[in-house]
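K.L.:
Before we start, here is the structure in question, set down as structure tokens.
Residue numbers (our numbering): 248 to 638.
See below:
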């Protein structure tokens with residue numbers, strides 16, 4: 248008899264009372280930058296989203312990209328979400344983006360929405376006493392398989408490729424290195440990776456869209472003897488004609504999508520016929536709601552999914568919950584075809600190492616899923632204050 252009143256209470260407890268964003272960052276030493284063929288970075292930055300519900304519960308999320316641009320959308324989100332129930336998050340999002348169709352959710356607004364969507368799911372999980380992956384329809388899992396993302400191009404005071412790989416060799420079943428500075432360089436870097444990491448691990452090679460299709464094909468042909476697990480972003484994200492030219496001629500597996508936003512862009516990428524693995528970034532693509540649409544699109548098209556991650560421990564854990572919610576597709580053994588989650592292993596990343604009250608539990612390439620509700624993580628307020636940057 249009292250069930251309707253209990254339900255009404257839960258909905259009321261889920262009313263969104265406050266939305267705040269905190270820009271965080273960590274700056275690298277002079278001449279100690281690292282990055283891709285396109286760019287050497289000198290800072291790690293992200294924007295954290297905090298959503299307070301009427302119950303007092305606070306959900307946490309993360310946005311990808313430059314915090315200054317992300318923060319510009321905070322008032323838009325507040326205008327549309329405050330006073331609404333977190334349970335209605337998908338309806339609110341669609342209503343907002345329908346009205347703001349001139350602004351487009353392909354802009355940094357998508358990153359802002361992503362962080363908010365993650366925070367709302369974290370808050371709802373805490374409210375209901377469930378981990379996020381169970382809210383998304385996943386089954387009970389103890390851990391998620393990750394690959395070590397490193398092998399960066401570097402400035403003189405940063406670790407060399409060899410030093411980067413040697414410090415994590417033997418700890419993972421998969422590793423990613425950066426390539427894209429020419430065929431000779433690609434070969435040398437893959438040779439070094441195989442020599443240090445061994446023949447029995449998966450090695451992903453990331454061009455970061457630095458090539459045109461003809462050069463990408465030349466690189467893939469040259470690297471084939473070293474058995475790269477995939478070639479990532481062989482051409483620029485906007486070069487859909489280049490992806491289509493690769494479709495009929497490439498011989499290696501291709502992964503792409505880290506810079507794509509929402510299911511529409513992933514649909515266009517998948518339609519090129521050249522991509523085997525779609526790589527939504529939960530902090531950019533639209534959060535959990537849009538990532539699940541992308542996963543459905545991938546599975547319907549016979550493609551695999553591997554979430555991209557480049558940010559803080561919040562983003563890493565969001566990607567892990569997303570991966571845990573995906574069915575093994577189509578092979579029933581997750582170990583046979585894992586939903587690889589990217590895990591940055593740069594030598595120093597305070598956004599990963601020094602943000603939480605309890606560090607991420609990583610062992611032998613497996614990231615443990617917390618048993619606590621929501622994302623299962625807690626931000627350390629003092630550490631957050633130390634990482635906060637002025638915009």
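Virtual Cβ for every residue (Gly too), placed ideally from N, Cα, C.
#1: How far does the beta strand (DSSP E) with residue 294 in it extend, from its first residue to its last?
#2: Report the partner residues of residue 478 according to the DSSP bridge assignment.
#3: Are the beta-carbon atoms belonging to residue 324 and residue 300 less than 9 Å from one another?
#4: Measuring CB atoms only, is the region 554 to 566 touching the region 304 to 318, in the sense that at least three cross pairs come out at less than 8 Å?
#5: Tell me which same chain residues have a C-beta within less than 6 Å of the C-beta of residue 438, skipping the five on either side of it?
#6: How about residue 621 and residue 378: are their beta carbons less than 9 Å apart?
#7: Considering only residues of the same chain and omitting the five flanking positions on each side of residue 260, which have a CB-CB separation below 7 Å?
#8: Using the Cα positions of residue 367 and residue 264, report the straight-line distance between them to the nearest angstrom.
#9: Assuming residue 408 and residue 391 form a contact by the criterion Cβ under 8 Å, report the distance between their Cβ atoms to the nearest whole angstrom.
#10: Under the three-state reduction of DSSP, which class applies to residue 272: helix, strand or coil?
#11: Between 326, 270, 417 and 283, which lies nearest to residue 611 when the distance is taken from Cα to Cα?
#12: For residue 525 versus residue 549, is the C-beta distance shorter than 9 Å?
#13: Excluding the five sequence neighbours on either side, which residues of its own chain have a C-beta within less than 7 Å of the C-beta of residue 276, listed in chain order?
#14: Is residue 427 near residue 458, with beta carbons less than 9 Å apart?
#15: Which of the three DSSP states, helix, strand or coil, is assigned to residue 524?
#16: Less than 9 Å between the C-beta atoms of residue 429 and residue 411, yes or no?
#17: Taking C-alpha atoms, which residue in 262, 361, 328 and 289 lies nearest to residue 527?
#18: Tell me, which residues are paired with residue 423 by DSSP?
#19: Are there three or more Cβ pairs, one per stretch, closer than 8 Å when the region 615 to 629 is compared with the region 577 to 593?
#20: Report the CB separation of residue 450 from residue 476 in whole angstroms; it is logged as a contact under 8 Å.
#21: How big is the Cα-Cα spacing for residue 483 and residue 598?
#22: With a threshold of 8 Å, are at least 3 pairs of Cβ atoms found where one atom belongs to the region 537 to 546 and the other to the region 500 to 516?
#23: May I ask you to report which of helix, strand or coil DSSP gives residue 320?
#24: How many whole angstroms separate the CB atoms of residue 356 and residue 320, which I take to be in contact at a CB cut-off of 8 Å?
#25: Three-state secondary structure (DSSP) at residue 265?
#26: Can the beta-carbon of residue 506 be found closer than 9 Å to that of residue 481?
#27: Using 8 Å as the Cβ pair cut-off and three pairs as the minimum, do the region 564 to 571 and the region 380 to 394 touch?
#28: Identify every residue that forms a DSSP beta bridge with residue 391.
#29: Are there 16 or more other CB atoms within 10 angstroms of the CB of residue 472, so buried, or fewer, so exposed?
#30: Could you have a look at residue 580 and say whether DSSP puts it in helix, strand or coil?
#31: Quick check: residue 281 and residue 394, are their CB atoms within less than 9 Å of each other?
#32: Residue 291 and residue 272: beta carbons closer than 9 Å?
#33: Do the CB positions of residue 210 and residue 631 come within less than 9 Å of each other?
#34: If we ignore side chains and look at the alpha-carbon of each, how far apart do residue 257 and residue 339 end up?
#35: How is the alpha helix (DSSP H) around residue 303 delimited, first residue to last?
#36: Between residue 326 and residue 608, what straight-line distance do the alpha-carbon atoms span, to the nearest angstrom?
P.N.:
From the atom records:
#1: It spans 290 to 300 - the beta strand (DSSP E) in which residue 294 sits, taken as one unbroken run.
#2: When beta bridges are read from the DSSP output, residue 478 appears opposite 452 and 501.
#3: Result no, Cβ atoms of residue 324 and residue 300 do not sit closer than 9 Å.
#4: Cβ pair count under 8 Å is three or more, so yes.
#5: Sequence-distant Cβ neighbours of residue 438 in its own chain, meaning closer than 6 Å and more than five residues away, do not exist here.
#6: Yes; because the gap between Cβ atoms is below 9 Å, this pair is in contact.
#7: Taking C-beta separations shorter than 7 Å and ignoring five residues to either side along the sequence, the partners of residue 260 in its chain run 300, 301, 302 and 374, following chain order.
#8: For residue 367 and residue 264, the distance between alpha carbons rounds to 12 Å.
#9: Rounded to whole angstroms, the Cβ separation of residue 408 and residue 391 is 27 Å, and the two are not in contact under 8 Å.
#10: Residue 272: strand per DSSP, three-state reduction.
#11: If we check each option's Cα against that of residue 611, 417 comes out closest.
#12: Not a contact, by the Cβ cut-off of 9 Å.
#13: Here residue 276 has 404 as same chain residues with Cβ atoms under 7 Å from its own Cβ, once five neighbours each way along the sequence are excluded.
#14: Closer than 9 Å, so yes.
#15: Of the three classes helix, strand and coil, the one that applies to residue 524 here is strand, per DSSP.
#16: Contact: no.
#17: Proximity to residue 527 across 262, 361, 328 and 289 peaks at 361, based on C-alpha coordinates.
#18: Beta-bridge analysis with DSSP links residue 423 to 396 and 451.
#19: No, the region 615 to 629 is not in contact with the region 577 to 593.
#20: 6 Å between Cβ atoms; contact.
#21: Going from the Cα of residue 483 to the Cα of residue 598 covers about 27 Å.
#22: Segments in contact, yes.
#23: In the three-state DSSP reduction, residue 320 falls in the coil class, being neither helix nor strand.
#24: About 5 Å separates the CB atoms of residue 356 and residue 320; that is less than 8 Å, so the two are in contact.
#25: Of the three classes helix, strand and coil, the one that applies to residue 265 here is strand, per DSSP.
#26: Going by beta carbons, residue 506 and residue 481 fall outside the 9 Å limit.
#27: Taking 8 Å as the limit for Cβ pairs, the verdict is that the region 380 to 394 does touch the region 564 to 571.
#28: DSSP lists 614 as the bridge partner or partners of residue 391.
#29: Counting Cβ neighbours within 10 Å, residue 472 comes out exposed, since fewer than 16 surround it.
#30: Residue 580: coil per DSSP, three-state reduction.
#31: Here residue 281 is not near residue 394, since their CB atoms are 9 Å or more apart.
#32: Yes, they are a contact pair.
#33: This structure cannot speak to residue 210, because the chain is shown only from 248 to 638.
#34: The alpha-carbon atoms of residue 257 and residue 339 are separated by roughly 18 Å.
#35: Judged by DSSP secondary structure, residue 303 falls outside any alpha helix (DSSP H); it is assigned neither H nor E.
#36: C-alpha separation (whole angstroms): 37 Å.
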